[in-house]
Each structure stands twice: as C-alpha cells, then as structure tokens.
Amino acid sequence: MSGGLLAAALAALARDGVDLPAAAVLPELLAAVGGAGRALLVAPPGTGKTTLAPLALADALAERGGPARVVVTEPRRVAVRAAAGRMAALLGEDVGGAVGYAVRGERRTSARTRVEVVTTGLLLRRLQADPELPGTGAVLLDEVHERALDADLALALVVDARAVLRPDLWLVAASATPDQAALRRALAGAPPPDPSVPDPSASSEVGDGAAGPVPVVVATAPVHPLAVVHDPPPPGLDPPQGLRVDPRLLEHVAAATARALDAHPGDVLVVLPGAREIARVQARLRAARPDVDVLALHGRTPRAEQDRALPPGPRRRVVVASAVAESSLTVPGVRVVVDAGLARVPRTDHARGLAGLGTVRVSRASAEQRAGRAAREGPGAVVRCWSAADDARLPPRPEPEVATADLAGALLALACWGSPRGEGLALPDPLPAGAVAAAERALGDRGLLDAAGRATPLGREVAGTGLDPRLGRALLLGARAVGPRAAAEVVALLSEDGPAGGAGGGDDLVAAWRALRRGDDAARSAAWRREVERLRGSLRSAGDRRPTTAGPGTGAGGLAGDDEAVAGLVVALAHAERVGRRRRGADGAERDELLLVGGTGARLAPGSAWSGSSWSRSGAPTGRGDGPAPDGWLAVARLDRPLGSADAVVRLAAPVSEDAARLAAAPLLEAQEEVAWVGGAGGDVRARRVERLGAVVLAEATLADPPPEALQAALLDGLGRAGLALLAPSDAAERLRLRLAALRAALGEPWPDVSPEALVAGAAGWLAPELAAARRRSDLARTDVATALRRLLPWPQASRLDELAPERLTLPSGRTARLDYADPLAPVLAVRLQDVLGWQDAPRVADGRTAVVVHLLSPAGRPLAVTGDLASFWRGPYAQVRAEMRGRYPKHAWPEDPLAR
C-alpha cells in the first residue's frame, strides 16, 4: 500500500497522531474483493472505514487497470459532503479533485476524480440510466446496517448488474454491526427467503448463494470505558404520536444535557429524532448555557452550520443531532452522549394510503451505536433518558425500512429495471405482499404501471425525474398543464425538502407558496428556489418528449397566474387519492370534514385556513358571497391520522375545482349503474346511475329499469342482512317451517333443511318467483312464505306431510289441539287432562320416531304435569293430582281409572 491516495491519507493521519483501526484490515479487504469481487466490511463507527476503504480501493483499481472510479454511497446528503470533505482534507486537496461528491442538484467532481461520494438514491438513478455504470470500477455501499430501502435496492441492483453485465465490478458493503445475515445472503446473490419458511442461514457466519460465499472483513475499535447513566424523565409523559414528541421530554433532555456538561469533560452529542425537536432543545441550551457553542446537525442544517458542527471549535461544544450522527458521521471531540431514546421511521397506512414518519422507541442496537460515539477517543459517558427497566424492554434492532415504508418508488424502480416486484433479484428481505399490492394500486391508478406490473412509458419518464413517483408525475403532467415554472415551484414545495406549510402558512399551501416567493424566510426561500431550478432542469433534460399515457394537456391551460387553481391542480396530480369533497350534515350544512377520493375520511385541524369557508371553482376561499358558486373541494398535500382517530387530519392543502379533480384523478373516474342493497338490515334496494371519482359520488340519478339479475342479487344481499324477517312470514308460514324442521330432524333426507340460515342461503331457488317479481323491500314483505316453502317439499313424500307432522291432533274427548314444533326433537301438545282420558300412551309423529311431550293442564288451563310417558303418569303421579284437583274442580271428570271411558 505504498504510494497513492491511501498513503497520503495515512501520512496525514500520522502527522495528527490519529490511528484509525480500519487501516489494519485494508490488505485483507483488498484481497477479498480481488478474489471474490465482493466483500462485507464490518467496522464500528469512527474506525475509518468510510475514510480509508474508498482510497484503498481506488489505489487497487489503478493498479488493476480498467474503470478506476470508486463510487461510495451514503444514506444522507450531510454524510456525503462530510465524507468527501474528510477524504479531500487528508489528501490536502479541495473537494472536486481526487475526491468529489454528487447529491441531488449539486455535483463537485472533475476529470481527476477517483472517489465520488453520492447519495444512495443518486446511485439508483444512475443504475436505471445505465446499468453498466461506465467508468466505475468499484461500489462501496456504506451504512448498509441501517437497512434503508434505497440501500437494499441498490445492493440488489448492483449484485444483478455484476452477475449479468459487469463481473469485473467490485462491490463492498460496509456495516457498523456484524449481525447482517440478510445482507450477506443478498451479497451472495441468493434470493430473499420465503417468509413462511424458517431461514436456515440466519445463524450462519457467511451467506452462500449463486455466486458462492461472501468474504467478511472485520475491523475492531479500541475499547474505552463507557459510563452508562439512566436519567429518566418524570412520570406522566405522553407517548410519541406521529411526529409529535411531548415537550416535557425535550425539556428533560435539555436539563439532562446541562447536568452532563457539569459532570463530564469533553464535547456533548445530543441525539433527538428530528429537526423540530433539535431546534427546541438547541434554543433551551443556548439560553441556559451561553458558555458553550450549541450547534445543530441534521439533514436540513445549512452548509455553514454543518461545517461548524463537525470539526472541534475554540470553545466546548454541544452538538444537537438527528440519527445522522448515529453512524453516518463522526463528530470529533465527543466524550458524552445524551440520548433521548427516540427514532424516526417511515410508517405507512396502506389501507388509507397514508405515508409519513412516525416516532418510536430506539432499538437496542441503535442505542449501542449512539453510546459508542462517547468512547471512540477515550473514556466517555452516555446519559440515557429512560429507565433501566425500559432499557431491558428495548427491541433488539430496528425494523428494515422495507417492512414499514411506502413501496411505490421502489416498485417503480424495480419495474424499470425489468424485475417487477423484485422478481429474480437478491433482495435482503422479501417485499411485504400487502405493501406491494397497495403500491401497485397507487402506481396503476396514476398510469405508471400496467396490469402486469411493468413500467409504462409515463412510468419510465417519472422514474427519470428522481422524485417520488407521485411528485414526478405531478411535475411532468403539471408542466404541460400550468407551465414548467409553476409546476416546478409547487412540486418543490411538496418535495421531501419542501417547507411544511411555509412561514406562518398553517395548512394553506397557497399562502406557503406566496411566502416563499416573497422571501419571508430568506434561507428557506433560497433552498426552495434551488430545488425549483433543479426540477426545471430535469424538465429541460427531457426535451420535448411527452408521455404517451393520457394526461392533462393544453386543455387545462388558462391557469397561469391563478395561484389557487395552479396549486390545486398540481397537488391533485401528485396525490389524486387525497382530493376530497366537503361532507354535508343531515341538515345540508357543510362540515369541516372531507371524503377523499381514496375512501379515507379527513377533517380540518383546529384553526384551519379552510374551516368554515367555502371554496370557489377557481379555488379561492370565499365567504363574502362575491365569487362563483363554491365547489367544496380540496387537494390535500399532507395529512396524518392521530392515534386512536378514525379520520385523518389535513395538514396542508389547496383548493381545487371539480373539473381539475376530474382531470388529475382521471383513472379513478367511472360512470356505472349500481343496483345494491344499502342500509343494513333495515335498508332497501337502491338502483341508480352514478358517476364517481373514486369514493366520491359526483352525480347520481334513479335507474328506472334496473337489470333483473342485479335486482335479484341486491334483494338476496338484503335477505342475507335482514334474515327471514324481511319476508314478514305469517304465523302459518312459521308453523309450516317448524313442522318441516321436525321431519328433517327425525327423518333426514329428502326432507329439506329449513333452518333460517339454510333458507337464506338457498333463497334463489325456493323464492325464485317472488324475487323475479320484486323491486324493493316492500315487495318481498308481501310474499306468501307458506306457499313458497311448499316448493321445497320432496315428491312423493309431500303427500304425507299432514300424516307425518300433523298440525293438529284429535283427542279422546273429540276435540282437536295444535302441536307446537318449536323444538323439532320434542313437539309439545298442551291440553286439559280431561281431554286425554283414555289415552294409554302419548302420541308420536314422524312415523313414530318422535315422541310428543304432553303438557297436562287443569280445567282452568294451569299446568299440572309435563310428561313424554303418559302411561307412567297414569300409574303414578295421577293419583296425587286427582286427589288435589277433584275437590277444586268437582264438576270435571277425575276418574279413578283414567283409561276407562
């Protein structure tokens, strides 16, 4: 390893007295990739893997000949710039020489560049544009242990490219933790395991696949003492909900940090879930501790502040950071870590189409990564803002992003690669079936995938923008409808880096847009304008190509200068399923609630700009009565669903006209005849011709002559919901049903099953004439159920119905009495005792198979005895009954011998 980039870097480190542990394993790494073409490098944060391994690979490629550039991926832009800056500094150069970088909208490289650091997403776009990666000799995927979705996809695509197109391409996956069986399997070219089958390789040290075993190179860091302090907040805090963190926890973190400054030497790294929490804690610490520099470090931190946060400064520092400092960046001088114990992860409600970020408890593996930052340079301490008991309950490791994220972008990328749903690729984990189905619906509804999951021409164009598919579609189709600049401005506002509502904009997207154009917040506006220009450049690079899939064209023109209409249309093009119409109450009054095209209910947040107002056809909020008639439509850019709430809450929206909603969500527009039972058990048939946009009914009219088969299906559905009560059966019909049930119980086939469930299930047969003639509930209520039931009687047994299950029996007294078949196994005959004098035994029905239970009554109709064995009653209990009753009822017969007549 004499000469070259690595030698220069090691010499610079030696001058500074720094010894990075990764240097010791570089010969082993180069031997591994030289022999197998790929390797897994395991090295804890701070050991130099990101700084030294790319330089060593670049030197080895130069000796090998052929493509000589090393492409290094980082999951975050701040880490890209930091890694490139660190390597360039060790070489004594500016970034853009031997070491450069590229992120979305910015590239600093030259013809001399041999190591290029890029975001993982940018590598994915390069692979889509040219899978051979010309000029690239090695790819180093850094921080793969984080299991970001982009990283999993990049690994699978590079492995596939190596197998098919570039067997000479070296591939190194760098991980901060050794427990990476899924990654080793993917590096080996093996497909993801079937989720229903236990993974036999989960405990193996090295994964084996189509390309053989994967070498694993391990670097170890010096172990310095680490003091662990648990400093839990006071009880009663609210758990995290969505992006909301209880402010009392943040106050506690700030106080814990102040205590740590007093108790421990060195700089302090505070780890929080996101930018909002960082800003709040930073403000508190600056006010409480003016003697230290309190710096923020996260994905949206301005470049100048990032540059201040990374190198040591003249004063003691507190760096308040997101998870970017967990493993992607090394902050020198840190001897104390204060960990809030939270992480921000993607969360997707596939049923409602809601995707966003959620706040969860940190995993044990991440907590250890964070703590390790305090003991890289010497003894350190970690202050954990949770109890020891909670520590024991932490999940062992974070979930792979593929398990929780929206997969729309991933599926479009895989479809463009030629592997719909990832078929045939060595993905570390299988794609969840439910998430795949939801993403395919979203992409198909936007015309980006066909029915087979293949990318359409529009889908390929959208993938080329490098944006989320929803935003990419809005950019391309919006440019045709409202012009490139306006479309780019709104999409930049909606993008990952766009302001969430702008300065003081609340949930009014148009107000946020105008605030950015005015420059109310200079830094925010500058970042937005850069993104606008990048998006316009993306449109220019596409030239005059137009998607072949139908979409908004010049017919939607005339919107230029109408901010409300432009914003509404572009948002609707991005999030067609989030276009919603205002709901009305039973009194016809508009409510602060929406029904979204995707079927989700949504409500306006308290204090919403749209609360209580109407929206004109051009989109402008009105309330003065001087505008066109209100449409009551909103295009929702952002919404979330609070814990325990059935409805989502609108966080950012723009008004949109019904015409624009129809245009943007055209694949969801349908006109059809609907004949259905509505209203549950108490409902009725509704036959209408309806035009709907997804779940929102646009227009409807009564269907005068609905198809008979549709009517019958609706009536049968109603019968299933309401049961036989829908037919309003008479007492005679119910008695007939019970007699048939008794014969079925005693004799079985061919006597029919007339249980309510069976009758409902078979109604299309025995109730066919009535169903054919009925149009609504009231028609079925007039059914002669007894006549209909007789259609079920088997022939020739039907002629014996009255013999086998008589409705009435003739008694010895000459009177008749009705049998009650409510219990099919024990029909009841309730009679006065005098009417059965002379009967030796109780009667039987169903060819003698079922005994009748006799309820003997007094002359006044009061119960005397219940028996199924009349002979035994006469011989025994009758004597006592006679003795008690003949004095009470002397005018009635109480013979000593009840069998004598």
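Using my numbering, the letters of the sequence shown correspond one by one to residues 592 to 1492. Note that CB positions come from ideal geometry on N, CA and C, so glycine has one too.
For Ala1304, there is no enclosing beta strand (DSSP E); the residue is found in the alpha helix (DSSP H) stretching over 1299–1313. Your pair Leu948 and Val909 does not check out as a contact, with CB atoms roughly 25 Å apart and the cut at 8 Å. With a minimum length of 3 residues, the unbroken runs of beta strand (DSSP E) contained wholly in the region 929–1013 fall at 933–940, 945–952, 971–975.
In the DSSP assignment, Glu1264 forms a beta bridge with Arg1280. Fully enclosed alpha helix (DSSP H) runs of no fewer than 4 residues occupy 1322–1338, 1347–1352, 1354–1357, 1359–1364, 1368–1372, 1376–1380, 1392–1395 of the region 1316–1401, in order along the chain. Residue state for His1483 is assigned as coil, using DSSP reduced to three classes. Secondary structure of Pro864 (DSSP, three-state): coil. The Cβ atoms of Val661 and Leu731 sit closer than 8 Å to each other. Within 10 angstroms of the beta-carbon of Lys640 lie 16 or more other beta-carbons, which makes it buried.
Two segments are said to touch when three or more pairs of C-beta atoms, one from each, lie closer than 8 Å; by this definition the region 651–666 touches the region 732–752.
In this chain, Leu1040 is not harboured by any beta strand (DSSP E), its DSSP state being neither H nor E. Scanning its chain for C-beta atoms nearer than 7 Å, with the 5 sequence neighbours on each side dropped, one finds around Pro635 the residues Ala767, Ala812, Gly963, in chain order. Residues Val1281 of the same chain have their beta carbon placed closer than 7 Å to that of Val1288, with the five preceding and five following residues left out of the count. By the neighbour-count criterion, in which a residue is buried when 16 or more other Cβ atoms sit within 10 angstroms of its Cβ, Glu992 is buried. The Cβ atoms of Val836 and Thr848 lie no closer than 8 Å to each other. Shown here, Ser1116 sits in a helix according to DSSP, grouped into three states. Sequence-distant Cβ neighbours of Leu713 in its own chain, meaning closer than 7 Å and more than five residues away, are Ala693, Val694, Arg695. Apart from the 5 residues on each side of it in sequence, Ala1158 sits with its Cβ closer than 7 Å to the Cβ of Val1081, Leu1100, Val1101, Trp1104, Ala1245 in its chain, given in chain order. Remark: fewer than three beta-carbon pairs, one from each stretch, lie closer than 8 Å, so the region 975–985 and the region 1007–1027 are not flagged as touching. Shown here for Ala1484: same chain residues with a beta carbon closer than 6 Å to its own, the five before and five after excluded, namely Gln1425 in chain order. Sequence-distant Cβ neighbours of Leu1447 in its own chain, meaning closer than 6 Å and more than five residues away, are Leu1424, Leu1455, Ala1456. For the beta strand (DSSP E) assignment, the uninterrupted runs of no fewer than 3 residues enclosed by the region 663–697 are, from N- to C-terminal side, 690–694. For Leu840, the uninterrupted alpha helix (DSSP H) run begins and ends at 838–854, by DSSP. Collapsing the DSSP output to three states places Glu1080 in a helix.
The C-alpha of Val915 is placed about 15 Å away from the C-alpha of Ala965. Rounded to the nearest whole angstrom, the C-alpha separation of Ile869 and Ala1024 is 36 Å. Distance from Leu1160 to Ala1079 at the Cβ level is roughly 14 Å; contact not present, criterion being Cβ atoms closer than 8 Å.
By the neighbour-count criterion, in which a residue is buried when 16 or more other Cβ atoms sit within 10 angstroms of its Cβ, Asp858 is buried.
Residues Glu1282 of the same chain have their beta carbon placed closer than 6 Å to that of Ala1262, with the five preceding and five following residues left out of the count. In the DSSP assignment, Thr1407 falls within the beta strand (DSSP E) that extends over 1407–1411. Looking at the DSSP output, Pro1454 sits in a beta bridge with Leu1448.
About 5 Å separates the beta carbon of Val616 from that of Val808, a gap short enough to meet the 8 Å contact definition.
Per the coordinates, the alpha-carbon of Leu1380 lies some 12 Å from the alpha-carbon of Ala1349. Residue environment analysis places Pro1197 among the exposed positions, since fewer than 16 neighbouring C-beta atoms fall within 10 angstroms of its C-beta. Nearest to Gly1459 by alpha-carbon distance, out of Asp1231, Glu684, Gln1431, is Gln1431.
Pairing Leu1420 with Ala1408 gives a Cβ-Cβ distance under 8 Å.
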